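First the structure, in the form of structure tokens, and then the observations on it.
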Amino acid sequence: MGQIEKQAGVRFFQPRRLGHVNLFVSSYERAAEFYQDIVGLEEVYRQPDNRASFVSNGNTYHDLGLTDVSSHYAQKGQQPGLNHIAFELENEVDLVKGYRLAVDAGVKFMSTQDHDVAHSIYKLDPEGNAVEVYADVVEDWRTARHGVFEKVKPEWIPGVTNEPSSELRYPKNPPIHVVPSSVFRARRVTHAGFVAEDYEKLYDYYTDLIGLTPFVGDRDSDYCVLRGTSSTEGISLFRHPAGVPRGMHHVGIEVKDESELDRALKKMAEKGIALDREVSHPARRTVCIQDPDGIRLQFYVNRRWEPAALKGVALEEALYLL
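Position 39 of the sequence shown, counting from 1, maps to 38 under numbering that gives the first Met the number 0, and the rest follow consecutively.
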């Protein structure tokens, strides 16, 4: 975090949860098939002009965005991997208030955007990972986002373009859609894990600026899980172990129960899908695979998911557990 931001000592935002993860993929059409047939998220809309597919099971307007590396949103030479992670706030009033506080403290943002169903601001974290903070502004997102969707995005200036709303417009108890034939039957994307080059800087950024709070671990630990106000996870940070690439390590995806993991392991074997890693721990059970671009996906079921149950977990195991 920059010096001005660190001196501010203010939690500018207070996210509810991680809302979505957007990925760059080598082929958005192939990725759309994989994330439906294997992961179990429906394609809820597609943007051919953006060369992107957006998948969800209904709990938000997309759990994952799949943007082609040839998209106009991709930089020249873009490789598959993280596009951005996004944190959902309670309402637009909180978004605009946090934005103004941050700007007054000297924070520089990349951009602000009107996404029809949400208003968003973007900033890079200290290691170059793009982070979105947003508030839903349309309660029934399916009326605005379905099928093939193309639209020029209008300019949005926080607190100027429109009067910010204090209404809670994020989905509340939405119907969850299941892809019955998929290998995994994802319930929601809940977190992303990052290997940090400078762990302390990332910890400060996500707690001081973004406003997450520790669930397990702290600034002096080898790893931590930082949470939103309505979740027990949002982002996991790990000190850089030897031989492990810096950056996003995995995307965490919750499934219903352990029978679903057992079913998925059987179907993986039938379809020839390689197991990357499986961890069985008193706190959580995980099954990790990689998508066609080598992006790691962690499917999990919580058992006794509490800080006491995670005490003493070694960093090497934590990478695939948290």
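Backbone N, C-alpha and C fix where the C-beta goes; we use that ideal spot for every residue, glycine too. If you're wondering where the values come from, they're calculated on a predicted model, not measured in any experiment.
Contacts around residue i, its chain only, beta-carbon distance under 8 Å, and the 5 residues preceding and following it disregarded
i, result
"residue 68", "23, 24, 25, 77, 78 and 79"
"residue 114", "133 and 152"
"residue 87", "14, 15, 16, 17, 18, 59, 133, 134, 135, 169 and 227"
"residue 157", "94, 95, 98, 99, 111, 118, 120 and 163"
Heavy atom of the ligand FMN within 7 Å of residue i beta-carbon
i, result
"residue 271", "Annotation note on the ligand FMN: not contained in the displayed structure, which lists no ligands."
Cβ shell of residue i (< 7 Å), same chain only, five flanking positions each side left out
i, result
"residue 259", "184"
"residue 397", "In the structure as shown, the chain begins at 0 and stops at 321. Residue 397 is therefore absent and cannot be evaluated."
"residue 155", "111, 112, 113 and 118"
Presumed contact (8 Å Cβ cut-off) between residue i and residue j, rounded CB distance
i, j, result
"residue 254", "residue 300", "6 Å"
"residue 148", "residue 192", "Wrong, their Cβ atoms sit about 30 Å apart, outside the cutoff."
"residue 290", "residue 33", "6 Å"
Where residue i falls: helix, strand or coil (DSSP)
i, result
"residue 86", "strand"
"residue 97", "helix"
"residue 20", "strand"
"residue 104", "coil"
"residue 308", "helix"
"residue 245", "coil"
"residue 313", "coil"
"residue 319", "helix"
"residue 67", "strand"
"residue 214", "strand"
Residue(s) in a DSSP beta bridge with residue i
i, result
"residue 285", "278 and 299"
"residue 110", "121"
"residue 364", "Shown here, the chain extends from 0 to 321; a query on residue 364 therefore has no answer."
"residue 236", "193 and 223"
"residue 46", "51"
"residue 253", "187 and 299"
"residue 147", "45"
Neighbourhood of residue i by C-beta, 6 Å cutoff - its chain only, sequence neighbours within 5 removed
i, result
"residue 6", "For residue 6, the predicted structure reports a pLDDT of 44, less than 50, and the residue's modelled location is therefore unreliable. A value from the coordinates is still provided. For residue 6, where only same-chain residues beyond five positions count, there are no Cβ hits under 6 Å."
"residue 224", "214, 215, 232, 235 and 321"
"residue 83", "21, 129 and 131"
"residue 138", "168"
"residue 306", "215"
Residue i at chain C interface by Cβ criterion, 8 Å
i, result
"residue 238", "Included in the structure is just one protein chain, with no chain C present."
Assess contact between the region 85 to 103 and the region 128 to 139, defined as three or more Cβ pairs (one per stretch) separated by less than 8 Å. Is contact present? yes
Check whether the region 264 to 275 touches the region 221 to 240, counting contact only when three or more Cβ pairs, one atom from each stretch, lie closer than 8 Å. no
Sufficient close CB pairs (3 or more, under 8 Å) joining the region 61 to 75 to the region 34 to 48: yes
Could you tell me whether the region 278 to 285 touches the region 297 to 312, where touching means 3 or more Cβ pairs closer than 8 Å? yes
Determine, using beta-carbon pairs with one atom in the region 195 to 202 and one in the region 120 to 129, whether at least three such pairs fall under 8 Å. yes
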